[in-house]
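Each residue of the sequence shown is one higher than the one before, counting from 1 in full-length UniProt numbering. Have a look at the structure below, then the notes.
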Amino acid sequence: MFPNRSADDGGRRIVDGDRPGYDDDRSAPCGAPLVSDGGLAIREPPVILVPIEVLEGQTIPETLVEFLAPAEVVVLGYHVLPEQTPTEQASLQFEDRAQEAVDDIARTFVDAGRDPETRVVFTHDREQTIDRVASEVGATAILLPNPTGEVDSVLVPIRGVVDDDRLADLVATLVSEDRERVTLWGLTPDESDFDPDRAVERAAERLRDRGIPDAQITREATETNTPIIDIVDRSGEAGVIVMGEGRESLVSVFLGEDTERVAEGAVAPVLVVRDREPDEIEDGAADDAEHGTSDDAEDGAADDAEHGAADGDEDSASKNAETGAPEAGSTGPDSSR
Numbered sequence: 001m002f003p004n005r006s007a008d009d010g011g012r013r014i015v016d017g018d019r020p021g022y023d024d025d026r027s028a029p030c031g032a033p034l035v036s037d038g039g040l041a042i043r044e045p046p047v048i049l050v051p052i053e054v055l056e057g058q059t060i061p062e063t064l065v066e067f068l069a070p071a072e073v074v075v076l077g078y079h080v081l082p083e084q085t086p087t088e089q090a091s092l093q094f095e096d097r098a099q100e101a102v103d104d105i106a107r108t109f110v111d112a113g114r115d116p117e118t119r120v121v122f123t124h125d126r127e128q129t130i131d132r133v134a135s136e137v138g139a140t141a142i143l144l145p146n147p148t149g150e151v152d153s154v155l156v157p158i159r160g161v162v163d164d165d166r167l168a169d170l171v172a173t174l175v176s177e178d179r180e181r182v183t184l185w186g187l188t189p190d191e192s193d194f195d196p197d198r199a200v201e202r203a204a205e206r207l208r209d210r211g212i213p214d215a216q217i218t219r220e221a222t223e224t225n226t227p228i229i230d231i232v233d234r235s236g237e238a239g240v241i242v243m244g245e246g247r248e249s250l251v252s253v254f255l256g257e258d259t260e261r262v263a264e265g266a267v268a269p270v271l272v273v274r275d276r277e278p279d280e281i282e283d284g285a286a287d288d289a290e291h292g293t294s295d296d297a298e299d300g301a302a303d304d305a306e307h308g309a310a311d312g313d314e315d316s317a318s319k320n321a322e323t324g325a326p327e328a329g330s331t332g333p334d335s336s337r
């Protein structure tokens, strides 16, 4: 039902599900503008990448599936291999089992009204694979799954400059009017130039522009030198956490060496809003010129340039170049099936 087979430029077979049209009271067919509950168009229809360690039995709670279903969804089933195990060998051994597990997860999204795209990947480098697939599918956000009950509140920590429009598009697509409460929480170190109150108000304005009532939005600001720890400590209060990548990659924080410090401490699922890549930033700038951009948004763009958003992309590209994409028929750092 979900997959169709093709080959990418590196000669690796991939299994991708279709992304068919979809319509309910909060979404629209693919290619058509999404509309928030408040009736205003979403500028960038969000795509959420859902990485699942399928052979370890990881799943997505039904309540979280229902919350994510208004967005485009890509389910990435992955399995991390020992360094000495060739990816092609693992694919032959585990593909059917992994694809069956991914299809089971995809069916829960279908039951919620969303037919997702699916991929199965065998890899030696989890973070690099997730970053690569996120870039390929144009993911707005990456889900870091954790168990959750009813999703009745969304916590949005803002630790610095964030793409307000992209964040607002995501939140407004997922949140139902008069149902989930949204808490915008600005965090800043002592004596920092970052103004959390201004950042929170700017984000609130973007949400209001997309139809989220002001009464549904709570604003908070905190001075802290340990923002990640504070977010983890508060994560039990939220149904879902939505936050930007920041200068320190949150994917690295949650999936890398700091797993014990953060991921095991976080109670709620986390949606990490990705920084836009250079070509997306150019498209966004053109859209801003067309729609009219506020001074606050221009200030945010200037801050992005100051903090070197492009440098992070160049670093990622350099890592990929150092790793080397596999030639046709060869075994690379991961095998997408």
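Positions of the beta carbon are idealized from the N, C-alpha and C atoms, including for glycine. Remember, predicted model here, so these are calculated numbers, not experimental data.
| request: Specify whether the region 178 to 192 and the region 134 to 149 touch according to this definition: at least 3 beta carbon pairs, one from each stretch, less than 8 Å apart. | output: no
| field | Classification of Ser235 by the beta-carbon crowding that lies within 10 angstroms, buried from 16 upward | value | Along the sequence shown, read from residue 1 onward, the residue named residue 235 stands at position 235. When all chains shown are included, Ser235 counts as buried.
| Member of Ser192, Ile52, Val240 whose CA lies at the smallest distance from the CA of Gly149 | Position 149 of the sequence shown, counted from the start, is the residue given in the question as residue 149. Ranking the options by Cα distance to Gly149, first place goes to Val240.
| field | Beta-carbon contacts of residue 339 that lie in its chain and below 8 Å, excluding the five residues immediately before and after | value | Absent from the model: residue 339. The displayed extent of the chain is 1 to 337, so no value can be given.
| field | Endpoints, the beta strand (DSSP E) within which Glu220 is located | value | Walking along the sequence shown from the start, residue 220 turns up at place 220. Per DSSP, Glu220 belongs to the beta strand (DSSP E) from 217 to 223.
| query | Which residue comes first and which comes last in the alpha helix (DSSP H) that contains Glu201? | reply | Along the sequence shown, one-based indexing puts residue 201 at 201. Per DSSP, Glu201 belongs to the alpha helix (DSSP H) from 196 to 209.
| message | Taking a contact to mean a Cβ-Cβ separation below 8 Å, would you say Glu245 touches Val273 in this structure? | response | Here residue 245 refers to the residue found at position 245 when the sequence shown is read from its first residue. Here residue 273 refers to the residue found at position 273 when the sequence shown is read from its first residue. Cβ distance < 8 Å, so Glu245 and Val273 count as in contact.
| request: Give the single residue among Val151, Val121, Ala134, Ile52 whose Cα lies nearest to the Cα of Asp104. | output: The sequence position of residue 104 within the sequence shown is 104, counting from 1. When each option's Cα is compared against that of Asp104, the closest is Ile52.
| field | Selection from Pro227, Val171, Glu127 that minimises the alpha carbon distance to Pro45 | value | Here residue 45 corresponds to residue number 45 of the sequence shown, with the count starting at 1. Nearest option by C-alpha distance: Val171.
| message | Relative to the C-alpha of Ile229, which candidate in Leu187, Asp197, Asp209 has its C-alpha closest? | response | Along the sequence shown, read from residue 1 onward, the residue named residue 229 stands at position 229. Taking only the C-alpha atoms, the option nearest Ile229 is Leu187.
| Under a three-way DSSP split, which group does Leu92 fall into? | Residue numbering aside, residue 92 sits at position 92 when the sequence shown is read from its first letter. Here Leu92 sits in helix by DSSP.
| said: Once DSSP output is grouped into helix, strand and coil, what is the label at Gly160? | reply: Translated into the one-based positions of the sequence shown, residue 160 becomes position 160. Looking at Gly160 - three-state DSSP - the assignment turns out to be coil, as it is neither helix nor strand.
| query | Rounded to a whole number of angstroms, what is the C-alpha to C-alpha distance between Ala98 and Val73? | reply | Position 98 of the sequence shown, counted from the start, is the residue given in the question as residue 98. Position 73 of the sequence shown, counted from the start, is the residue given in the question as residue 73. Their backbone Cα atoms lie some 18 Å apart in a straight line.
| field | Ala215, buried or exposed, once every other Cβ within 10 Å from all chains shown has been counted against 16 | value | Residue 215 sits at position 215 when you count from the first residue of the sequence shown. With fewer than 16 other Cβ atoms within 10 Å, it is exposed.
| Cβ shell of Asn225 (< 8 Å), same chain only, five flanking positions each side left out | Looking up residue 225 in the sequence shown gives position 225. Taken in chain order, the residues that qualify are Pro189, Asp190.
| task | Count the C-beta pairs between the region 192 to 207 and the region 160 to 174 that are closer than 8 Å, then say yes if the count reaches three, no if not. | result | yes
| task | Throw me the rounded Cβ distance for the Val154 and Val175 pair, which I believe falls under 8 Å. | result | Within the sequence shown, residue 154 is the residue found at index 154, counting from 1. Within the sequence shown, residue 175 is the residue found at index 175, counting from 1. Yes, Val154 and Val175 are in contact; Cβ-Cβ is about 6 Å, under 8 Å.
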